[in-house]
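What follows is a single structure, written as structure tokens, with notes after it.
Residue numbers (my numbering): 20 to 247.
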């Protein structure tokens with residue numbers, strides 16, 4: 020083997036070694052870049068995931084509030100009398116109505132973070148009428164009685180006033196009546212942080228108001244059960 024061949028082989032070995040070092044250096048750089056990209060992307064992906072989760076929880080909560088209001092209004096429209104009693108032995112007692120609201124609203128803790136208000140509406144001069152309405156002339160809606168659940172939060176403030184009893188599109192004729200159910204729920208998107216950050220923003224009060232006509236076509240009265 021000539022001296023030239025030995026030098027050439029040594030040069031080849033050096034070139035191969037340098038190439039291997041460049042490959043290893045490139046691999047390390049690629050791994051470092053991938054780790055950096057992952058460190059940047061993961062928090063963004065987590066924020067997007069939490070955003071979608073919050074949207075889902077909000078929509079589910081709003082849907083539950085609306086469902087509770089519709090179910091209560093439908094149930095009350097089939098009653099002939101509501102008893103001013105906090106007990107639950109009678110299905111027509113207010114206590115049973117509040118209990119039903121809690122059950123319908125599950126898994127929401129309505130009795131802790133919400134409220135229910137019921138309003139009975141009648142035609143001003145005919146509130147105590149027991150004769151079904153057949154008139155076609157316009158009536159004058161009046162709040163006959165209103166009841167609130169005993170566990171209502173401070174956010175549960177009725178929107179039923181003397182000037183906003185019924186919507187303008189609601190036909191109300193002489194002798195007509197109506198039932199209005201209002202359901203409230205204080206939605207908190209960050210309940211887990213309230214322990215160490217009580218004033219964290221984000222709380223909002225979800226609200227649904229539903230109107231129904233009594234199936235009896237006469238005003239729904241509120242009576243003392245002890246007098247029945």
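We treat Cβ as the ideally placed atom computed from N, Cα and C, and that holds for glycine.
ask   = Exposed or buried, what is residue 243 when buried is set at 16 or more other beta-carbons lying within 10 Å of its beta-carbon?
value = Under the 10 Å beta carbon count, residue 243 is surrounded by fewer than 16 other beta carbons and is classified as exposed.
message = As a quick exercise: from 112, 124, 72, 237, pick the residue whose alpha carbon is nearest that of residue 87.
response = Looking at 112, 124, 72, 237, the one whose alpha-carbon comes closest to that of residue 87 is 124.
inquiry  = Let me check understanding here. Comparing Cα to Cα, which of 183, 191, 184, 132 lies closest to residue 157?
reply    = Taking residue 157 as reference, the option from 183, 191, 184, 132 with the minimal CA-CA separation is 191.
message = If you reduce the DSSP assignment to three classes, tell me which class residue 183 lands in.
response = DSSP places residue 183 in coil when its eight states are reduced to three.
task = Answer with buried or exposed for residue 16, where buried requires no fewer than 16 other C-beta atoms within 10 angstroms of its C-beta.
result = In the structure displayed, the chain extends from 20 to 247; residue 16 sits before or after that span and is not available.
message = Do residue 96 and residue 233 count as a contact pair if the criterion is CB distance below 7 Å?
response = If you check the CB distance, residue 233 and residue 96 come in under 7 Å.
query = In whole angstroms, what is the alpha-carbon distance linking residue 116 and residue 58?
reply = Cα atoms of residue 116 and residue 58: separation of roughly 53 Å, rounded to the nearest angstrom.
key: residue 199 and residue 230 closer than 7 Å at C-beta   = Judged by beta-carbon spacing, residue 230 lies within the 7 Å limit of residue 199, meaning their Cβ atoms are closer than that value.
ask   = When the distance is taken between beta carbons, is residue 120 closer than 7 Å to residue 135?
value = In this structure, residue 135 places its C-beta atom within 7 Å of the C-beta atom of residue 120.
query = Buried or exposed: residue 189, going by 16 or more other Cβ atoms within 10 Å of its Cβ?
reply = Answer is exposed; the Cβ neighbour count stays below 16.
ask   = Going by the CB atoms, is the gap between residue 193 and residue 168 shorter than 7 Å?
value = With respect to the 7 Å criterion, residue 168 and residue 193 are not classified as neighbours on the basis of their beta carbons.
message = So for residue 117, helix, strand or coil by DSSP?
response = DSSP places residue 117 in helix when its eight states are reduced to three.
Test item: CB-CB of residue 239 and residue 139 under 7 Å = Contact flag set, yes.
query = Is residue 67 helix, strand or coil when you go by DSSP?
reply = Annotated three-state conformation of residue 67 is helix, per DSSP.
request  = Going by CA-CA distance only, name the one from 160, 241, 195 that's closest to residue 180.
outcome  = Taking residue 180 as reference, the option from 160, 241, 195 with the minimal CA-CA separation is 160.
query = From the DSSP output, which residues share a beta bridge with residue 225?
reply = In DSSP, residue 225 forms a bridge with 204.
request  = Could you tell me the boundaries of the beta strand (DSSP E) in which residue 148 lies?
outcome  = It is not in any beta strand (DSSP E) - residue 148 carries neither H nor E in the DSSP assignment.
task = Identify which residue in 128, 166, 195, 236 has its Cα closest to the Cα of residue 206.
result = Cα-wise, what sits closest to residue 206 is 128.
task = State the DSSP-derived secondary structure class of residue 125, mapped to helix, strand or coil.
result = Of the three classes helix, strand and coil, the one that applies to residue 125 here is coil, per DSSP.
task = Starting from residue 106, trace the beta strand (DSSP E) both ways and give me its first and last residue.
result = Counting along the chain, no beta strand (DSSP E) covers residue 106, and no H or E run does either.
task = Buried or exposed for residue 279, please, with buried defined as at least 16 other CB atoms from any protein chain shown within 10 angstroms of its CB.
result = Here the chain covers residues 20 to 247 and nothing more, so residue 279 does not appear.
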